[in-house]
Amino acid sequence: MRPPWRCGRQATGSALGPTAALSDDPVPCRPPPDSCRRVFGLLRTTLALMVMVYHLLASLPEIGQYAVFGFYVISGYLMTLVTTERYGHTVRGGAAFLTNRALRIYPGYLAAVAVSLACVLVVGDGFTSAYNRNMGAPATLAGWLSNLSLGFPGWNPMEARPRLVPPAWTLTVEMLFYAAIGCGLATTPRRVGVWIAGSLAYVLATFALGLPNVHRYAPVAAASLPFAIGAAAYHLSIADTIRLHAHAAAYARLAYFVLLSNCAFFALGGADSIGVARDVGLYVNTAISGILVLSLARGGQIAPISAGLDRAVGDYSYPVYLLHWQGGLIASLLLFGSPVRGWSPQGLIGFVAAGVIVAVGSWLMINAVERPMQGLRDRVRRRAQPRSEEPRGEAFNQGVTVGRSRGKRGAQHQFASIFVRDANRPGPSRRWLRQPQHGRNVPGVPAPHQPKARDMHPVLNRELFLVKEKVGAWRAANHYDIYDPESGELLLECREPRLGPITSLLRWTDYKTSAPFDIDIRTPSGEPIVSVQRGWAWLRSNVSVLDGQDRRVGGFQQKLFSIGGAFTVVDEADKPLCELKGKWTSWEFSFRAGDAELAKVTKKWAGLGKEMFTSADNYMLQVNPQVPPDSVLRQLILAAVVCIDMVLKE
Numbered sequence: 000m001r002p003p004w005r006c007g008r009q010a011t012g013s014a015l016g017p018t019a020a021l022s023d024d025p026v027p028c029r030p031p032p033d034s035c036r037r038v039f040g041l042l043r044t045t046l047a048l049m050v051m052v053y054h055l056l057a058s059l060p061e062i063g064q065y066a067v068f069g070f071y072v073i074s075g076y077l078m079t080l081v082t083t084e085r086y087g088h089t090v091r092g093g094a095a096f097l098t099n100r101a102l103r104i105y106p107g108y109l110a111a112v113a114v115s116l117a118c119v120l121v122v123g124d125g126f127t128s129a130y131n132r133n134m135g136a137p138a139t140l141a142g143w144l145s146n147l148s149l150g151f152p153g154w155n156p157m158e159a160r161p162r163l164v165p166p167a168w169t170l171t172v173e174m175l176f177y178a179a180i181g182c183g184l185a186t187t188p189r190r191v192g193v194w195i196a197g198s199l200a201y202v203l204a205t206f207a208l209g210l211p212n213v214h215r216y217a218p219v220a221a222a223s224l225p226f227a228i229g230a231a232a233y234h235l236s237i238a239d240t241i242r243l244h245a246h247a248a249a250y251a252r253l254a255y256f257v258l259l260s261n262c263a264f265f266a267l268g269g270a271d272s273i274g275v276a277r278d279v280g281l282y283v284n285t286a287i288s289g290i291l292v293l294s295l296a297r298g299g300q301i302a303p304i305s306a307g308l309d310r311a312v313g314d315y316s317y318p319v320y321l322l323h324w325q326g327g328l329i330a331s332l333l334l335f336g337s338p339v340r341g342w343s344p345q346g347l348i349g350f351v352a353a354g355v356i357v358a359v360g361s362w363l364m365i366n367a368v369e370r371p372m373q374g375l376r377d378r379v380r381r382r383a384q385p386r387s388e389e390p391r392g393e394a395f396n397q398g399v400t401v402g403r404s405r406g407k408r409g410a411q412h413q414f415a416s417i418f419v420r421d422a423n424r425p426g427p428s429r430r431w432l433r434q435p436q437h438g439r440n441v442p443g444v445p446a447p448h449q450p451k452a453r454d455m456h457p458v459l460n461r462e463l464f465l466v467k468e469k470v471g472a473w474r475a476a477n478h479y480d481i482y483d484p485e486s487g488e489l490l491l492e493c494r495e496p497r498l499g500p501i502t503s504l505l506r507w508t509d510y511k512t513s514a515p516f517d518i519d520i521r522t523p524s525g526e527p528i529v530s531v532q533r534g535w536a537w538l539r540s541n542v543s544v545l546d547g548q549d550r551r552v553g554g555f556q557q558k559l560f561s562i563g564g565a566f567t568v569v570d571e572a573d574k575p576l577c578e579l580k581g582k583w584t585s586w587e588f589s590f591r592a593g594d595a596e597l598a599k600v601t602k603k604w605a606g607l608g609k610e611m612f613t614s615a616d617n618y619m620l621q622v623n624p625q626v627p628p629d630s631v632l633r634q635l636i637l638a639a640v641v642c643i644d645m646v647l648k649e
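Given below as structure tokens:
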């Protein structure tokens, strides 16, 4: 059975937007770009825990070095993917890409710096340097600038000391390669091939010159090979000649097992005493990491878990990587009053305690630092998405003006004046066509603003939905169930799994309508359908709606002054699609485009299934049959029901 993302047709417009035109050309067999980052969550957190084990418990360099190169391979793949398919190789796209990378790296890093400074102020430089000789507060202005900016100078950034966050030198390496990939280093397979050749030449040169292992691990040039392998994995993942989709999950699990086995073999086999064996294991592990990333990119899974759980696990990788030294130091101070780590009974106890501290600290960083930044990162990403190119030699819709004309017997017919360019005529010459619209589009909504959503679940093409809120006496999160009102079948579940501590507290106060929310709408089997997200809101709300692959399909912009509540429903480019208005006299809302009603939400229902209305927390969504099947409007209409309840009626 083909994966759901293999549609057999290729987007001729934007590779990421839901409005992409479709052709009959075959597409590479791989998942949509925005969903790829979710399948790496378990792998990324595994690598972060390997680094933590190496630093705090078992002083086996193979564990840490192999994990860091695994991170580089993942970064090489993901950065090549997003620069190629999301940002584009333009000045605007490159600037947005680097801005988003900075917003991803610096907030969490600066939070880790603050924790390190607090440790230094409490226990002093002597204790911190005894626990880790690289950890401490800088004594010079240049040192402070390097630590705060992550601009550790030199050929080998690992030699920069002191570092407030000891593993931060790898972030310097990462950002250098981010910039290189953003400038087009990995644009084509040919460039990646030349890049791999140059990287191999450096590795062979270090062996020929008799340089020690550190020259194949810590310098910026040493990281070139794993980054290049990650970029190659991206280009292989979109190649039609690679057919992994049928057994991708099995390949991914096997590669994951071999990856861990290789680390254990070279770490426990005494690679330090064998000399070159550590390097052999390092590059074998890098190749295995490339195979594993390729298998995951083609739809494989390491474990049979949902994408949401994989993403939640992956959220901990970066905080664990940044905070494990501070967690170990705090555990050592509280338990022993002295710097203790390593393979010993005390070291094992300290490691377990550090794991608890790091888990709590990571949870706080995710909810207090990273998630509040997600809205800003999403805005940067949306503004940088490349516009689809105009197909040459074909007419294309540029805008639609809807009107009415009277035919025989006074009947009214919908028509649209469609602006079309004649591609066979030079220059900007244009002509106007008037075409009858026989139920193709919703009256009042421009045709280009009624795109079909990719991979839309068929449940969204229904016309009736009964929404029932699940009320819990001590539950701050909002849960809803959506039923077929005629049969009572459970169609969808709405859950709020990522509720932060501050938001939980505010839900019990009068400020709950200003608190952020992130609600997932999914099938009873766990398949994601739509996500509804909002950050902190003051006076008015801006809500984003994402599809099942975490692609933004539109949103709602609350009107500041309205009686009964009102929103402007917008598409992914924030262009208005329709209005959502409420009546001040009753709990009733309608979606209107001009004079046409697209859908309505009401607490009144006299049809089949009316006995299911058991409390005031139930309401009915009725979608106009004229809304086309698989239209993005259907996703937005369903999401708006949750938006109404969270923004206006909570």
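One point on numbering: in numbering that gives the first Met the number 0, the residue at position 607 of the sequence shown is 606, and numbering is uninterrupted. Backbone N, C-alpha and C fix where the C-beta goes; we use that ideal spot for every residue, glycine too.
Item to check | Reduced DSSP secondary structure (H/G/I, E/B, other) of L333 | outcome: helix
* Asked: Should S524 be labelled buried (16 or more other beta-carbon atoms within 10 Å of its own) or exposed?
  -> exposed
*Nonlocal neighbours in the same chain, by C-beta distance under 7 Å from Y482, ignoring five residues either side*: L465, K467, E488, L489, L490 and M611
* **Separation of L46 from A352, as counted between CA atoms** => 20 Å
task: Would you mind giving the Cβ-Cβ distance between V357 and L333, rounded to the nearest angstrom? I have them listed as a contact below 8 Å.
output: Not quite, the Cβ-Cβ distance comes to about 14 Å (not below 8 Å), so this is no contact.
Have a look at P211, A221, C118 and G125 and flag the residue whose alpha-carbon is nearest the alpha-carbon of I195. A221
Y482 - DSSP class collapsed to helix/strand/coil = strand
Is the beta carbon of N366 sitting closer than 8 Å to the one on P628? no
Item to check | Residue nearest to F350 in terms of C-alpha spacing, selected from G326, E369, V359 and Q373 | outcome: G326
Please confirm whether V544 and Q556 have their CB atoms less than 8 Å apart.
no
Exercise. With DSSP as the reference, label S305 as helix, strand or coil.
Key: coil
From which residue to which residue does the beta strand (DSSP E) around D594 run?
Segment: none, D594 is in no beta strand (DSSP E) and carries neither H nor E.
| query | Just how far apart, CA to CA, sit L210 and P166? | reply | 23 Å
Helix, strand or coil, according to DSSP, for F590 in the structure here?
strand
L208 versus P218: straight-line alpha-carbon distance, rounded: 16 Å
*asked:* Could you compute how far the alpha carbon of R297 sits from the alpha carbon of R521?
replied: 23 Å
Exercise. Return helix, strand or coil for F151, following the three-state DSSP convention.
Key: coil
| Where does I228 sit, in a helix, a strand or coil, going by DSSP? | helix
Grouping DSSP H, G and I as helix and E and B as strand, with all else coil, what is P338?
coil
Exposed or buried, what is C182 when buried is set at 16 or more other beta-carbons lying within 10 Å of its beta-carbon? exposed
Quiz item: What are the start and end residues of the beta strand (DSSP E) that includes C493?
Solution: L489 to R494
task = Return the bridge partner residues of S530 from the DSSP annotation.
result = D519 and L545
>> Contact between the segment 63-76 and the segment 289-306 is defined here as three or more beta-carbon pairs at a separation below 8 Å; is this criterion met?
In response: yes
Looking at the unbroken beta strand (DSSP E) that takes in P188, where does it start and where does it end?
-> Looking at the DSSP string, P188 is not in any beta strand (DSSP E); the run it does join, the alpha helix (DSSP H), is P188 to A207.
Three-state secondary structure (DSSP) of T601: strand
Practice item. Check T89 in the structure and name its three-state DSSP category. Key: coil
Worksheet entry | L97 versus A178 - alpha carbon distance | 7 Å
Exercise for review: Can you say whether L120 is buried or exposed, counting buried as having 16 or more other CB atoms within 10 angstroms of its CB?
Suggested key: exposed
Requested in this report: Give the single residue among L281, G229 and A94 whose Cα lies nearest to the Cα of L293.
Outcome: G229
- Query: What does DSSP give as the partner residues of G570 in its beta bridges?
  - Reply: The sequence given here places Asp at residue 570; Gly does not occur at that position. DSSP, once it has assigned bridges, lists G553 as partnering D570.
**Study point:** Other residues of its chain near G360: CB distance less than 8 Å, five sequence neighbours each side excluded
**Key:** V114, P318, L322, Q325 and G326
Whole-angstrom C-beta distance between V379 and L102, which should lie under 8 Å:
7 Å
Checklist entry - Apart from the five residues on each side of it in sequence, which residues of its chain come closer than 6 Å, Cβ to Cβ, to Q72? => result According to the sequence provided, residue 72 is Val. The question's Gln does not apply to it. The answer, listed in chain order, is P225, I228, G229, S288, G289 and V292.
> Where do the ends of the beta strand (DSSP E) carrying V275 lie?
Replying inline: Element bounds for V275: n/a, residue is neither H nor E.
**Request:** Check the DSSP bridge columns for N617 and list the partner residues they point to.
**Result:** K467
* To do: Measure from the alpha carbon of R551 to the alpha carbon of each residue in T567, A565 and Q532, then state which is nearest.
  => Q532
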